[in-house]
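Counting from 3, one number per residue, gives the positions in the sequence shown under this note's numbering.
A short worksheet on the structure shown next.
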Amino acid sequence: AGARERLARRIVTTGCGQGSVHAGAMAQTLAGHRWPEEALAARLDAAALRDMLEAVRLQPSVHRAAGSVHCSAVFRGRDLRLFCEDGGRHNALDTLGGWLAHHRIPGSGLVLYTTGRLTSAMGVKAIAMGIPIAVSRNGVTAHGLALARAAGLTLVGRAARQRHLCYSAPQRLVQAPGPVEAAPRAG
3 AGARERLARR IVTTGCGQGS VHAGAMAQTL AGHRWPEEAL AARLDAAALR DMLEAVRLQP
63 SVHRAAGSVH CSAVFRGRDL RLFCEDGGRH NALDTLGGWL AHHRIPGSGL VLYTTGRLTS
123 AMGVKAIAMG IPIAVSRNGV TAHGLALARA AGLTLVGRAA RQRHLCYSAP QRLVQAPGPV
183 EAAPRAG
């Protein structure tokens, strides 16, 4: 497609107050994304999710002391491997991504946690890092959900101590009895 056609399908998303412009075909491009075998086999059970949320809650943080910052964290199973805070959710995630890339650590066996919304840009970053499961205490945007569904990225939003919503690729989330809510269907 030509530039004029691509611009007609553009999607403007929000990001750190300025927004980003992505071609409308981004989700279609990622629909062909091929996850490595370890990522396809990745699972997160409800008890491990609760342990992850508790580990983040107990982490010494600027947010707890002063507020106004976001955190991102990477877990392998229940083990907190990396934790980063920044004023912007993108910056915190980019710091983790850079550290993983610098140390050549594949993301396929990891779970990403962020305090920020799971937008399309955050989904693209998780996919670029090879992380198949992204969790947030906040919500998921419509474009973030469309991208995740197209790429097979598991998005878990509104994650709190006993509740969470799995929005996409639910085969990776192993549910246990308890107060878990079904995610709304995109319409």
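Glycine included, every Cβ here is placed at the ideal spot set by N, Cα and C.
None of the values given here were measured: they were computed from a predicted structure.
In this structure, the alpha-carbon of Ser-122 lies about 18 Å from that of Ala-161. Note that the C-beta distance between Arg-174 and Leu-46 is below 8 Å. Among the bridge pairs identified by DSSP, Arg-78 is matched with Asp-81. Between Pro-134 and Ala-148, the alpha-carbon positions lie close to 15 Å from each other. In this structure, the alpha-carbon of Leu-51 lies about 13 Å from that of Ala-75.
In the structure shown, the three-state DSSP call for Gly-159 is strand. Within the model, the alpha-carbon separation for Val-113 versus Ser-63 is close to 20 Å. In terms of CA proximity to Leu-32, Lys-127 leads the group Thr-143, Ser-138 and Lys-127.
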